[in-house]
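S.K.:
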Amino acid sequence: MKWQQAIQDYKSYLKIERGLSQNSIDNYVLDVNKLINYLKDKDIQESPLSISSEIVQQFIYDVAKDLNARSQSRIISGLRSFFNYLIFEDYLKTNPLEQIESPKIGRKLPDTLSEEDINKLINAIDLSQPQGERNRAMLETLYSCGLRVSELVGLKISDLFFDEGFLKVTGKGDKQRFVPIVPHTQKLINIYKEQVRVHLPIQPNHQDILFLNRRGKQLTRAMIFTIIKQLAEKISLNKNISPHTFRHSFATHLLENGADLRAIQLMLGHESITTTEIYMHVDKRHLKDVMNAYHPRK
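The sequence shown begins at 1 in the UniProt record's numbering and counts up by one.
1. Compare the Cα-Cα distances from GLY173 to each of PRO130, TYR10, GLN22 and CYS145 and report the closest residue.
2. Compare the C-alpha of ALA137 against each of GLU115, VAL169 and ILE181 and name the closest.
3. Could you tell me the boundaries of the beta strand (DSSP E) in which residue 303 lies?
4. Three-state secondary structure (DSSP) at GLN203?
5. Just verifying my parser: in three-state terms, what is the DSSP assignment at PRO96?
6. Should the segment 152-160 be called in touch with the segment 259-267, which here means at least 3 C-beta pairs below 8 Å?
7. What are the start and end residues of each continuous alpha helix (DSSP H) run of 4 or more residues lying completely inside the segment 225-269, in chain order?
8. Counting only runs that start and end within the segment 117-190, where is the alpha helix (DSSP H) found for 4 or more residues in a row?
9. Expressed to the nearest angstrom, what Euclidean distance is found between the alpha-carbon atoms of GLU89 and SER12?
10. Are the beta-carbon atoms belonging to GLU151 and THR185 less than 7 Å from one another?
11. Would you say SER242 and THR112 are within 7 Å of each other, going by their C-beta atoms?
12. Please name the residue in ILE51, SER47 and ILE189 whose C-alpha comes closest to that of ARG134.
13. Which partner residues of ILE209 appear in the DSSP bridge assignment?
14. Over the uninterrupted alpha helix (DSSP H) stretch that includes GLN22, give me the two end residues.
15. For PRO201, does the count of other Cβ atoms within 10 angstroms reach 16, so buried, or fall short, so exposed?
16. By a C-beta neighbour count over all protein chains shown, 10 Å radius and 16 as the cutoff for buried, is GLY269 buried or exposed?
17. Which one of ASN95, LEU121 and ASN213 has the shortest CA to CA distance from VAL153?
18. Which same chain residues end up closer than 7 Å to LEU14 when comparing Cβ atoms and leaving out the 5 residues on each side of it in sequence?
19. Nearest to LYS187 by alpha carbon, out of SER144, THR220, ILE224 and ALA6?
20. Check for me: the alpha helix (DSSP H) holding ASP111 runs from which residue to which?
21. Just how far apart, CA to CA, sit ARG70 and SER77?
22. Within 10 angstroms of its Cβ, does PRO204 collect 16 or more other Cβ (buried), or is it exposed?
23. Can you tell me the Cα-Cα spacing of GLU46 and THR170, whole angstroms?
24. Look at the alpha carbon of MET267 and the alpha carbon of TRP3, and state the distance between them as a whole number of angstroms.
25. Per DSSP, GLN218 is paired with what?
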């Protein structure tokens, strides 16, 4: 089996069997391509079925030695997944990364914005421009519903269940969940829909997409990043923020105000509660408040 055929089959497996998004699939394949390029540079004629653990180990040492622990761990994890797939399909008996350990990495605490920061960012939006109403509705939705940027740009009008107070969100692996949406955010979305969106030259296949650009097409993830970066510069916010910062802030503020961790997990769409538990480390005051409120010897 040649490398390109193995990668093609692997991509199909990730999409069909594991239900991963194209973005996730590309990230998995990126790690394998790094190994392939390394073999070409070293003129090593090994197939994915004959490559030895020694060669893989040398690759990791040569390529990852200048990377931080998190990046090293990511490459090892990506390659391990690829070779596990070959074992799953009975092409291999053992994984060449079996004896290779990932470096220990600390869990990175997410960046967050204060409520004041978020208000300043949203208030900095120029509402005299048509896209201003759209941008305000988008940022409020990001923050009040804790969406990923991919979930925001993919949001459909048919996903709005305002009478019930929910959005239907399609997350990673096309998994769907219902997220509460507050009346204030509903109001801003309706203003955008009724005063701005109705005047756009909406393109075929984009009629149901909620947030559109001026040409009537679905916004890109990059456009959301740009909008947020420009607003941060406008208010001189000295923080490196992205759309995901709004999602982190959503979870952190809920936790600080006493929300249940399990409820936050469901709203964020985390498969495992351990992913949500990272927010327990953001603000230590919450832990003290829980102790003072519930411990019998407080």
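We treat Cβ as the ideally placed atom computed from N, Cα and C, and that holds for glycine.
M.R.: The answer reads as follows:
1. Counted from its first residue, the sequence shown places residue 173 at position 173. GLY173 has its Cα closest to that of GLN22, out of PRO130, TYR10, GLN22 and CYS145.
2. Your numbering for residue 137 matches position 137 in the sequence shown. Comparing Cα positions, the closest option is ILE181.
3. Past the boundaries of the shown model lies residue 303; the chain is included only from 1 to 298, so the question cannot be answered.
4. Stepping through the sequence shown from its first residue, residue 203 is reached at position 203. In the structure shown, GLN203 sits in coil (DSSP, three-state: anything other than H, G, I, E or B).
5. By one-based count along the sequence shown, residue 96 stands at place 96. Looking at PRO96 - three-state DSSP - the assignment turns out to be coil, as it is neither helix nor strand.
6. no
7. 243-256 and 261-268
8. 130-145 and 149-153
9. By one-based count along the sequence shown, residue 89 stands at place 89. By one-based count along the sequence shown, residue 12 stands at place 12. GLU89 and SER12: Cα-Cα distance of roughly 13 Å.
10. In the sequence shown, the residue the question calls residue 151 occupies position 151. In the sequence shown, the residue the question calls residue 185 occupies position 185. No.
11. Stepping through the sequence shown from its first residue, residue 242 is reached at position 242. Stepping through the sequence shown from its first residue, residue 112 is reached at position 112. Their beta carbons are not under 7 Å apart, which means SER242 does not touch THR112 by this criterion.
12. On the sequence shown, position 134 is the one that residue 134 refers to. Among ILE51, SER47 and ILE189, the Cα nearest to that of ARG134 is on ILE189.
13. Here residue 209 refers to the residue found at position 209 of the sequence shown. ILE209 pairs with LYS156.
14. Here residue 22 refers to the residue found at position 22 when the sequence shown is read from its first residue. Looking at the DSSP string, the run of the alpha helix (DSSP H) that includes GLN22 is 22-41.
15. What you label residue 201 is simply residue 201 of the sequence shown in a count that begins at 1. Classification of PRO201: exposed, given that the 10 Å Cβ count is below 16.
16. Taking the first residue of the sequence shown as position 1, residue 269 is located at position 269. Its Cβ being crowded by 16 or more others within 10 Å, GLY269 is buried.
17. For this step, residue 153 is matched to residue 153 along the sequence shown. Checked all of ASN95, LEU121 and ASN213; the closest Cα to VAL153 is ASN213.
18. Taking the first residue of the sequence shown as 1, we reach residue 14 at position 14. Same-chain partners within the cutoff: LEU20, ILE25 and TYR28.
19. Looking up residue 187 in the sequence shown gives position 187. Among SER144, THR220, ILE224 and ALA6, the Cα nearest to that of LYS187 is on SER144.
20. What you label residue 111 is simply residue 111 of the sequence shown in a count that begins at 1. Run containing ASP111: none; DSSP gives neither H nor E here.
21. As a working note, residue 70 is residue 70 in the sequence shown. As a working note, residue 77 is residue 77 in the sequence shown. The alpha-carbon atoms of ARG70 and SER77 are separated by roughly 10 Å.
22. What you label residue 204 is simply residue 204 of the sequence shown in a count that begins at 1. Its Cβ having fewer than 16 others within 10 Å, PRO204 is exposed.
23. Position 46 of the sequence shown, counted from the first residue, corresponds to residue 46. Position 170 of the sequence shown, counted from the first residue, corresponds to residue 170. Answer to the nearest angstrom: the Cα atoms are 41 Å apart.
24. Position 267 of the sequence shown, counted from the start, is the residue given in the question as residue 267. Position 3 of the sequence shown, counted from the start, is the residue given in the question as residue 3. When rounded, the distance between both Cα atoms is 40 Å.
25. Locating residue 218 in the sequence shown gives position 218, counting from the first residue. Answer is LEU212.
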